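Worksheet: one structure, shown below.
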Amino acid sequence: PLVLGIETSCDETGVGIVRGETLLVDAIASSVDEHARFGGVVPEVASRAHLEAMVPTIERACATAGVSLRDLDAVAVTSGPGLAGALMVGVASAKALALSLGVPLYGVNHLASHVAVDIVEHGPLPEPTLALLVSGGHSSLLLVPDVTHDVRSLGSTIDDAAGEAFDKVARVLGLPFPGGPHIDRAARDGQVVIDFPRGLTQGRDMERHRFDFSFSGLKTAVSRWVQAREAAGEPVPVADVAASFQEAVTDVLTRKAVLACRENGVENLQIGGGVAANSRLRAMAQERCDAAGIELRVPRPGLCTDNGAMVAALGAQMVLKGRPASDLSLPADSSMPVTLVQS
Ligand code: ATP
Ligand code: MG
Ligand code: FE
């Protein structure tokens, strides 16, 4: 099936087109530059930018893929979670498109899409798959028997998401928003010389929060360390702090992901979401999976951050697996739970 996917949950207007399990195009317009000076995404600004970018991005996607809208077999859209106003622009656009073309509409979960995108990169997902979802708003370990309708949460962050921690620490270090890519780059020139805390990895925490994460204590520890340096009138070794912070995050994420695979008898791990673009996370996950005999799948960095291809990829799976289409009255669900794949 030829499926067009629309993503507008945050500040990226993404339109992807997939034929079956093959990616034809991934077109993106981003309003990230308009938010940078505010140090975070401004919802109203994001919604207006989606409205302006939507039709041009759809046209660009079709032109690049060499397909006509009339050829589409289905339309898929992110129905949640995300910014309510931003989601509404995508959902309303997808409804109009599906209605005018007379094709089924699939309202899908943004987080399941972060997992499903790997299908257009590396082929069908093993069932079950263990997924580590690490993004700007979420950090979860998921057991995924079927990405089109059965996603189970083994644990998730009890405070900040991994991407949020990257963004907050970047701010402390005076790096621009969004901070993840800047920390990644800065860390390449640094050494892991500071032993920052690994949240929820010791003693009783490993009983009560075995597959949960906590990153707010780490963020506070980095902040205190930097403040102490500044108070002493000493320069802050930005590259070393970035490398040490990044090491602490990736150590916890990969350790718990491998443990979750082992304890659930799953021999494959998929990593998705914006933080999966991180070079140290990718390298450490590969080392630890190799050592544990686990097959690792991580999409190319451009498919880890938000995009339309991921929505088209999940939509195409819905069609291939014969899932029923969504109703045209489907809502934009800003707090859609990770376990609900479809609206
Ligand atoms: P969610 O998917 O939870 O709704 P989101 O869609 O806003 O959140 P994504 O686009 O999936 O988030 O990911 C964005 C996050 O990924 C940001 O926090 C960003 O800093 C982080 N990120 C992007 N690239 C990297 C990188 N190379 N290293 C670390 N973090 C990164
Ligand atoms: Mg973004
Ligand atoms: Fe995302």
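Add 4 to the 1-based position in the sequence shown for the UniProt record's numbering, that's all there is to it. Glycine included, each C-beta is placed from N, C-alpha and C at the ideal position. Keep in mind that this is a model prediction, so the values were computed, not measured.
One Cα belongs to Val46, the other to Gly306, and the distance between them is close to 23 Å.
Excluding the 5 residues flanking it on each side, Arg233 has same chain C-beta neighbours closer than 7 Å at Val240, in chain order. For Val124, the uninterrupted alpha helix (DSSP H) segment begins and ends at 122-126. Looking at the DSSP output, Ile32 shares a beta bridge with Gly18.
For His118, the CB falls within less than 7 Å of some heavy atom of the ligand ATP. Runs of the alpha helix (DSSP H) spanning 4 or more residues and lying entirely within the segment 251-324 occur at 283-296, 305-308, 313-324, in chain order.
It is roughly 15 Å from the alpha-carbon of Leu73 to the alpha-carbon of Ala31. Between the C-alpha atoms of Leu222 and Asp171 there is a straight-line separation of about 13 Å. Remark: the shortest separation between the CB of Ser139 and any heavy atom of the ligand FE falls under 7 Å. By the CB criterion at 8 Å, Asn272 and Glu299 fall inside the cutoff. One thing to note: Leu285 has its Cβ within 8 Å of the Cβ of Thr254. Between Gly111 and Leu324, the C-beta spacing is not below 8 Å. Check the Cα spacing between Ala246 and each of Cys265, Ser283, Ala236, Val270: the tightest is with Ser283. Ranking Pro130, Asp75, Asp37, His39 by CA distance to the CA of Val270 puts Pro130 first. Judged by DSSP secondary structure, Val81 falls within the beta strand (DSSP E) whose first and last residues are 78-84. Inter-residue distance for Val242 and Ala190 is about 7 Å (C-alpha atoms, whole angstroms). Taking a contact as a CB-CB distance under 8 Å, the pair Ser248 and Val197 counts as one, their CB atoms being some 6 Å apart. Closer than 7 Å to some heavy atom of the ligand FE: that describes the Cβ of His114. One thing to note: Gln274 has its Cβ within 8 Å of the Cβ of Ala135. Within the DSSP bridge table, the entry for Ser143 names Val138 as partners. Short of 8 Å from the beta carbon of Leu332, and not among the five residues preceding or following it, lie these beta carbons of its own chain, in chain order: Lys99, Ala102, Leu103, Leu109. Pro182 is classed as buried because its beta carbon has at least 16 other beta carbons within 10 Å across all chains shown. For Gly70, the closest alpha carbon among the candidates Met322, Ala236, Val345, Gly20 is that of Gly20. Counting only residues of its own chain and dropping the five nearest sequence neighbours on each side, Thr68 has a CB closer than 7 Å to the CB of Val29, Ala31.
Taking all protein chains in view, the Cβ of Val79 is crowded by 16 or more other Cβ atoms within 10 Å, so the residue is classified as buried. Cβ contact annotation for Gly89 (same chain, cutoff 8 Å, sequence separation greater than five): Pro47, Glu48, Ala50, Ser51, in chain order. Within its own chain, the residues whose Cβ lies closer than 7 Å to the Cβ of Val226, once the five positions on either side in sequence are excluded, are Val173, Val176, Phe200, Val245, Phe249, listed in chain order.
With fewer than 16 other Cβ atoms inside 10 Å of its own Cβ, Gly237 counts as exposed. Between Arg156 and the set Val342, Gly167, Pro335, the nearest pair of CA atoms involves Val342. In this structure, Asp310 has its CB closer than 7 Å to one or more heavy atoms of the ligand FE. Linking Gly277 to Val138 through their CA atoms gives a straight-line distance of about 5 Å. Ranked by Cα distance from Val279, the first of Trp229, Gly184, Asp193 is Gly184. For Phe200, the CB stays at least 7 Å from every heavy atom of the ligand ATP. For Asp337, no beta strand (DSSP E) segment is defined, and its DSSP state is neither H nor E. In this structure, the straight-line span from the alpha carbon of Ser218 to that of Val230 is close to 20 Å.
Within the chosen limit of 7 Å, the ligand FE does not reach the beta carbon of Gly183 with any heavy atom.
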